[in-house]
């Protein structure tokens with residue numbers, strides 16, 4: 057595979073990437089051999105140990121070796137010791153809903169696009185990978201868009217800036233698929249909007265129908281395969297395999313419980329209806345994404361076994377978000393739903409710690425509950441909680457060292473480690489800026505033109521979740 | 285009205301300046317927050333202080349003040365008092381649901397609308413206003429030109445007049461502080477539309493810089509022609525001739541000439557800001573920049589010329605791929621350090637309650653906490669020319685304050701009281717009501733059997 061680092065190195069702005077090279081970030085596999093001990097910091101573990109004052113964390117070979125009170129963690133003599141006095145340590149933040157590092161996210165021409173996958177369009181050159189690491193985010197669930205009732209397959213990545221597309225992937229993360237309800241798939245099908253070809257469905261009734269029809273078909277397809285396999289198992293050498301259907305394969309995995317549904321949703325009615333459709337076919341909606349009215353049907357969600365991944369306080373950007381409340385996460389948590397706070401945005405993904413803190417203000421979650429929404433709960437929803445999401449011996453060394461209290465609007469990251477390797481360090485970043493300026497000056501000189509840079513003239517970026525997402 | 289102002293002035297007694305005539309609650313009652321930490325913003329912090337409001341005005345602030353016998357007393361033990369926060373640029377009351385066009389009144393068709401005023405369309409019953417207020421936002425400059433689908437701003441042109449309001453009132457007349465607070469102009473953008481890569485039949489690159497510059501110059505010239513026309517109109521009207529046909533657009537635009545009305549220009553690149561400054565000097569405009577992402581490069585010029593900057597969102601992405609990751613966070617501190625007057629804003633309606641976090645997010649990157657607080661209170665009041673009435677806790681100012689359990693820029697801080705125009709404001713809002721309703725939903729008893 058072609059090394060993306062060489063492809064990007066010629067671009068103005070490759071400096072951040074060069075940072076990754078300078079720090080020796082590997083293209084995937086954990087290589088951190090030297091033990092590192094950060095000691096004297098307040099550790100918010102997001103695990104049973106909770107908050108540890110004057111704590112220490114020791115990690116080596118990309119794994120956490122020990123976490124505990126500083127007096128109890130002994131480091132090998134060759135360990136690099138980092139003084140964390142006055143600082144805080146948390147697990148790397150896990151974003152359960154993102155669209156960064158993807159070259160395109162919507163295959164909107166059809167109503168069911170389960171044949172496509174974000175894995176095919178991972179873009180390791182997206183600077184958002186680095187920028188979010190600078191905000192403490194280490195793992196992201198990169199999702200298909202929301203143009204279809206049944207969308208494409210998603211990818212889980214680690215923010216290993218500098219790695220190639222394959223190297224970004226979170227190896228072993230169970231497969232997921234995006235569903236989408238409400239205004240987005242309706243709008244994609246609306247014949248009333250300019251630039252839109254009419255496409256069924258255009259109503260919430262139609263959205264549920266598309267899902268139901270797809271699973272009727274998937275059930276039949278599965279039965280054909282089951283029959284075929286049974287015949288082969290019985291030694292029937294005349295059995296002919298059914299024709300392979302790439303659209304149906306992921307849905308069969310959903311029926312078999314090996315691929316997990318993440319359903320974009322807003323209103324309580326559609327949340328409830330999708331659970332009932334799933335129950336008809338014997339599967340479960342694993343996570344409701346956005347789920348801004350989840351607070352209205354939290355009991356039903358808990359009963360179904362659905363988890364929730366929501367925004368902290370966004371509302372009213374569209375009609376189905378008009379009754380969103382910032383207490384949503386708290387109500388669902390208190391009713392027994394596992395809740396995460398996600399970004400859905402390359403900007404919000406830079407300060408999910410602050411978004412988590414909002415659940416303490418609105419609805420009164422505890423510090424531990426709030427931190428869990430962007431760490432262990434999100435990891436649990438992605439079924440990677442045995443690897444990331446909390447600071448415990450044996451887990452991946454995805455660690456964030458904060459200069460101040462992380463659940464604060466004043467929080468700032470000092471260093472972010474993934475698999476024990478530095479992916480962001482504030483001093484290294486500052487040191488890199490002079491190099492970037494020098495590189496830019498050199499490139500300008502080569503172009504013989506000092507006035508071509510209009511990078512500061514782009515329109516103000518929009519903070520809202522994108523309409524087509 | 286005249287009588288009641290006289291009465292209020294009599295109560296104030298020692299206040300040296302004339303009371304402005306904007307609506308302030310008359311017979312609004314007397315309130316005292318006693319024994320609190322009072323952050324005056326203008327004059328330091330008073331520990332164990334008491335602040336007294338009577339009939340809409342602050343009549344006493346200090347450690348040792350007399351509390352009128354009829355005052356309603358709020359125990360300030362362990363509490364903090366701050367001026368209410370000012371969102372220096374929002375679409376509160378103009379945009380209800382971003383994606384629903386019929387609920388948007390922030391932008392009008394056409395590029396030249398100097399005669400339109402946000403005041404006409406501010407919806408006092410918007411659900412966004414009590415939501416913002418409950419988090420300590422007490423005033424806002426409500427400006428046209430923004431809003432729209434997902435809050436995107438409108439392009440270049442003259443977008444109309446902004447209104448400065450108290451975020452409380454049964455009608456816009458009760459809310460207004462300055463009906464015509466500023467003319468809002470969107471500056472042309474100098475852009476090559478450059479793309480790094482080709483693909484799908486789309487060529488790499490954009491128009492040449494030279495062509496972009498030509499287009500920019502054309503747009504600025506078009507803007508200039510409106511000001512030429514406004515100047516001619518003003519002279520024609522001043523001549524007293526009865527033969528000047530009334531032109532409402534030019535009538536309104538001419539008011540900005542010779543610093544007659546504030547002009548807020550939305551511009552982000554440093555070249556655009558420089559261009560706007562040059563233009564403002566030519567026409568003697570009272571200029572404020574809004575957005576100002578590229579203001580860093582010309583901070584010295586802005587400071588020297590006393591041009592304030594209403595900062596574009598701090599919680600935004602850096603503009604260029606090679607821009608430092610923390611560029612939005614460091615900009616406010618850099619401008620403040622250079623001596624530029626700064627004010628934070630959300631440019632939004634549903635996000636207005638997050639204003640304090642905009643300020644806080646620049647504190648760990650070089651702006652002091654004091655300067656951050658000032659940039660959501662007294663700073664905006666100065667920028668908007670109402671610091672004689674708003675922005676700090678001083679005797680004689682309008683009774684706009686918040687009582688909190690801590691630093692209002694910190695996320696977890698609770699806002700316990702909000703006073704607007706000297707009376708306690710209702711803190712209930714759509715979100716709290718729904719929270720109350722659904723947190724109290726009885727546990728689900730009946731389980732349906734689905735097939």
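Chains as they are written, first to last, in my numbering: chain Z, 57 to 525; chain B, 285 to 735. All residues carry an ideal CB built from backbone N, CA and C; glycine is no exception.
Using CA atoms only, rank isn't needed, just tell me which of the options is closest to residue i.
| i | options | result |
| --- | --- | --- |
| residue 149 of chain Z | Z/491, Z/443, Z/488 and Z/501 | Z/443 |
| residue 379 of chain Z | B/666, B/715, B/672 and B/621 | B/715 |
| residue 181 of chain Z | Z/314, Z/159, Z/133 and Z/202 | Z/159 |
| residue 572 of chain B | B/550, B/566, B/554 and B/583 | B/550 |
| residue 555 of chain B | B/578, B/541 and B/574 | B/578 |
| residue 373 of chain Z | Z/322, Z/390, Z/459 and Z/389 | Z/322 |
| residue 496 of chain B | B/621, B/412, B/342 and B/477 | B/477 |
| residue 360 of chain B | B/332, B/353 and B/719 | B/332 |
| residue 292 of chain Z | Z/233, Z/284 and Z/299 | Z/284 |
| residue 672 of chain B | B/400, B/462, B/348 and B/445 | B/462 |
| residue 493 of chain Z | B/692, B/608, B/646 and B/505 | B/608 |
| residue 215 of chain Z | Z/406, Z/461, Z/136 and Z/240 | Z/406 |
| residue 538 of chain B | B/527, B/516 and B/681 | B/516 |
| residue 208 of chain Z | Z/183, Z/165 and Z/114 | Z/165 |
| residue 459 of chain Z | Z/298, Z/140, Z/331 and Z/500 | Z/140 |
| residue 400 of chain Z | Z/113, Z/449, Z/370 and Z/391 | Z/370 |
| residue 632 of chain B | B/681, B/548 and B/390 | B/390 |
| residue 271 of chain Z | Z/448, Z/475 and Z/312 | Z/312 |
Take the Cβ of residue i as the centre, count every other Cβ of all protein chains shown within 10 Å, and call the residue buried at 16 or more, exposed below.
| i | result |
| --- | --- |
| residue 641 of chain B | buried |
| residue 54 of chain Z | Only positions 57 to 525 of chain Z appear in the structure, and residue 54 of chain Z is not among them; the question remains open. |
| residue 455 of chain B | exposed |
| residue 170 of chain Z | buried |
| residue 532 of chain B | exposed |
| residue 589 of chain B | exposed |
| residue 347 of chain B | exposed |
| residue 377 of chain B | buried |
| residue 256 of chain Z | exposed |
| residue 132 of chain Z | exposed |
| residue 299 of chain Z | exposed |
| residue 543 of chain B | exposed |
| residue 717 of chain B | exposed |
| residue 302 of chain Z | exposed |
Within the same chain, show all residues whose beta-carbon is closer than 7 Å to that of residue i, passing over the 5 residues directly before and after it, in chain order.
| i | result |
| --- | --- |
| residue 246 of chain B | Because chain B here runs from 285 to 735, residue 246 of chain B falls outside it and cannot be looked at. |
| residue 726 of chain B | none |
| residue 334 of chain Z | 340 and 341 |
| residue 528 of chain B | 520 and 521 |
| residue 655 of chain B | 620 |
Can residue i be considered in contact with the ligand NAP, in the sense that its beta carbon sits closer than 8 Å to one or more heavy atoms?
| i | result |
| --- | --- |
| residue 91 of chain Z | Ligands in the displayed structure: none, and consequently the ligand NAP is not present. |
Here's a check: name, in chain order, each residue in its chain whose Cβ is nearer than 6 Å to the Cβ of residue i, leaving out the five neighbours to either side.
| i | result |
| --- | --- |
| residue 98 of chain Z | 109 and 144 |
| residue 342 of chain Z | 316 and 317 |
| residue 703 of chain B | 683 and 685 |
| residue 482 of chain Z | 470 |
| residue 301 of chain B | With a pLDDT of only 41 at residue 301 of chain B, under the threshold of 50, the placement of this residue in the model should not be trusted; the figure read from the coordinates follows. Correct list: empty, nothing qualifies. |
| residue 318 of chain B | 334, 357 and 360 |
| residue 399 of chain B | 532, 533 and 536 |
| residue 516 of chain Z | The predicted position of residue 516 of chain Z is uncertain, since its pLDDT is 42 and thus under 50; a value taken from the coordinates is nonetheless stated next. Counting only Cβ-Cβ distances below 6 Å, and skipping sequence neighbours, we find nothing. |
| residue 422 of chain B | 368, 451, 684 and 704 |
Near residue i, what residues of its chain come up, given a Cβ to Cβ distance below 8 Å and the 5 sequence neighbours on each side ignored?
| i | result |
| --- | --- |
| residue 689 of chain B | 362, 363, 364, 697, 698 and 700 |
| residue 179 of chain Z | 157, 158, 159 and 221 |
Checklist line | Those runs of the beta strand (DSSP E) which lie wholly inside the stretch 87-124 of chain Z and span at least 3 residues | finding: Within the stretch 87-124 of chain Z, the complete beta strand (DSSP E) runs of at least 3 residues fall at 92-100 and 107-116.
Notebook entry, point to check: Which runs of the alpha helix (DSSP H) fall wholly inside the stretch 449-504 of chain Z and span at least 4 residues, in chain order?
Noted result: Fully contained in the stretch 449-504 of chain Z are the following alpha helix (DSSP H) runs of length 4 or more, in chain order: 482-503.
Margin query: If contact is defined by three or more beta carbon pairs under 8 Å, each pair taking one atom from either stretch, is the stretch 426-443 of chain Z in contact with the stretch 223-230 of chain Z?
Written below: A contact exists between the stretch 223-230 of chain Z and the stretch 426-443 of chain Z.
Item checked: Cβ contact check for the stretch 255-275 of chain Z and the stretch 300-311 of chain Z: 3 or more pairs under 8 Å -> In the pairwise beta carbon analysis, the stretch 255-275 of chain Z is classified as touching the stretch 300-311 of chain Z: at least three pairs are separated by under 8 Å.
Check: Is there contact here, the stretch 587-607 of chain B with the stretch 499-512 of chain B, by at least three beta-carbon pairs under 8 Å?
Finding: Contact fails: fewer than three Cβ-Cβ distances are below 8 Å.
Check: Taking contact to mean at least 3 C-beta pairs separated by less than 8 Å, is the stretch 230-244 of chain Z in contact with the stretch 193-208 of chain Z?
Finding: As far as the Cβ criterion goes, the stretch 230-244 of chain Z touches the stretch 193-208 of chain Z, which means the pair count is three or higher.
Next item on the list: Would you mind listing the alpha helix (DSSP H) stretches within the stretch 300-372 of chain Z that are 4+ residues and don't spill past its ends, in chain order?
Entry: Contiguous alpha helix (DSSP H) elements confined to the stretch 300-372 of chain Z occur at 304-312, 324-336 and 354-360, taking only those with 4 or more residues.
Note to self: Counting beta carbon pairs with one atom in the stretch 114-127 of chain Z and one in the stretch 450-464 of chain Z, are three or more of them shorter than 8 Å?
What the structure shows: Flag = yes, the stretch 450-464 of chain Z and the stretch 114-127 of chain Z touch.
Check: What residue ranges within the stretch 533-577 of chain B form continuous alpha helix (DSSP H) runs of no fewer than 4 residues, ordered along the chain?
Finding: Runs of the alpha helix (DSSP H) spanning 4 or more residues and lying entirely within the stretch 533-577 of chain B occur at 554-566, in chain order.
Next item on the list: May I have a chain-ordered list of the beta strand (DSSP E) segments no shorter than 3 residues that lie completely inside the stretch 383-456 of chain Z?
Entry: With a minimum length of 3 residues, the continuous beta strand (DSSP E) runs that stay inside the stretch 383-456 of chain Z are 395-397.
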